[in-house]
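Residue numbers (this note's numbering), protein chains in the order written: chain U, 1 to 194; chain A, 1 to 112.
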Amino acid sequence: MRATAPSVAIGLREWSLTGSRTAASDRLLGMSRAELDRAYRLAGLLLGDAVEAEDATQEALLRAWQSIDSLRDPQGFGAWFDRILVNGCRDRLRRRRKIRFIPLDAEAGTSGGIAGDPFRLVHDRDEVLGAMVGLDDDQRLVVVLHYWADLTLQDVANRVGWPIGTVKSRLHAALERMRRRLGEGIGEPTEAGG
Amino acid sequence: MTDDLELRLRDSFAAAQLPSAPPSLARTLAELSIEPETAPRKRRPWVLVSSGVALLLVAGFLQIVLLLGNNAASAPNQVLPPTPIPNTSPSSSPSPSFDPSSVVPLPRATDR
Chain U
1 MRATAPSVAI GLREWSLTGS RTAASDRLLG MSRAELDRAY RLAGLLLGDA VEAEDATQEA
61 LLRAWQSIDS LRDPQGFGAW FDRILVNGCR DRLRRRRKIR FIPLDAEAGT SGGIAGDPFR
121 LVHDRDEVLG AMVGLDDDQR LVVVLHYWAD LTLQDVANRV GWPIGTVKSR LHAALERMRR
181 RLGEGIGEPT EAGG
Chain A
1 MTDDLELRLR DSFAAAQLPS APPSLARTLA ELSIEPETAP RKRRPWVLVS SGVALLLVAG
61 FLQIVLLLGN NAASAPNQVL PPTPIPNTSP SSSPSPSFDP SSVVPLPRAT DR
């Protein structure tokens, strides 16, 4: 369900800062435009839907605000906020449990709606990104965090709360599936990101 | 070694034209920064109850301290009743219990 602006505004009036404004809350409120763009794009790539990406990012901002006291070190804000955002996206994916990236031929005949979604178009216009269509949610999550967000596999593991071995095996499976889809040869995933 | 697919993935992601965050997200951040200072702070009932209990406990403790202090101050002025001094001289009775009839009066001191 899409969160509307009025409901957000009403919710905000009910919240108040407890105690003095901390460095952590300043860090959240001082998020730059680039950071907002990055969060929104990450959600969009994971969800494949601009409207849901907006809702997920907004929800992550509110959740972050509510749990701002749990952020001890403002230096770790990026990873902390990523975890909130990624968890929110995974919850949404679990709820809908359906493939978001529909092959182009299956899309034929539809008009408007998700067909014109900017995050869909990214996959439709690029052969390699289009090969992500066959990935499951967890595989897509690892691919996006490692190759788009440029996180090391250890950082990916920290963001999603999986053991690093699980991250590696899911990345390996994802690349294998993409290679098959692209009709490429076999290769091993590497720690190129760090 | 980074294989071809991984390189192509990175290139494709870098070249992808992803949309910018919609203005609603910036508005959400701006709304978060508005602290509702004008609204009266809600008093939680458990705070009131625990404050009352704490006050009662402190008052009770102070009362006990004052009572003990008064007792200690008045203790030296009290006249204690005379207590009989038990005779410690050896008794002929084999019984270990104290028998008042077996008390032998002490010899009186005589003037010389």
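Yeah, the Cβ is synthetic: ideal placement off N, Cα and C, and Gly gets one too.
- Taken through DSSP and simplified to helix, strand or coil, T57 of chain U comes out as helix.
- If the five residues before and after W148 of chain U are omitted, its C-beta is found closer than 7 Å to the C-beta atoms of L45, all from its own chain and listed in chain order.
- For Y40 of chain U, the enclosing alpha helix (DSSP H) stretches over residues 33-47.
- At a cut-off of 8 Å between C-beta atoms, L48 of chain A does not count as an interface residue with respect to chain U.
- In terms of Cβ geometry, V143 of chain U and L153 of chain U do not form a close pair [threshold 8 Å].
- In terms of beta-carbon proximity, T57 of chain U lines the interface with chain A, with at least one pair separated by less than 8 Å.
- Listed by position along chain A, the residues whose Cβ is nearer than 9 Å to that of L129 of chain U are L9, S12, F13, A16.
- Counting only residues of its own chain and dropping the five nearest sequence neighbours on each side, A64 of chain U has a CB closer than 7 Å to the CB of L28, F81, I84.
- A Cβ of chain A is located within less than 8 Å of the beta carbon of D126 of chain U.
- Contact with chain A is found for L175 of chain U, since one of that chain's Cβ atoms lies less than 8 Å from the residue's Cβ.
- About 17 Å separates the CB atoms of A39 of chain U and P74 of chain U; that is not less than 8 Å, and the two are not in contact.
- Straight-line measurement puts the Cα of L62 of chain A at about 59 Å from the Cα of R92 of chain U.
- The beta carbon of D37 of chain U falls within 8 Å of a beta carbon belonging to chain A, placing the residue at that interface.
- Non-local C-beta neighbours of V86 of chain U in its own chain, meaning closer than 8 Å and more than five positions away in sequence, comprise L42, L46, L141, L145, R159, V160, ordered along the chain.
- The DSSP-derived three-state label of W148 of chain U is helix.
- Contacts with chain U at 8 Å (Cβ-Cβ) include A26 of chain A.
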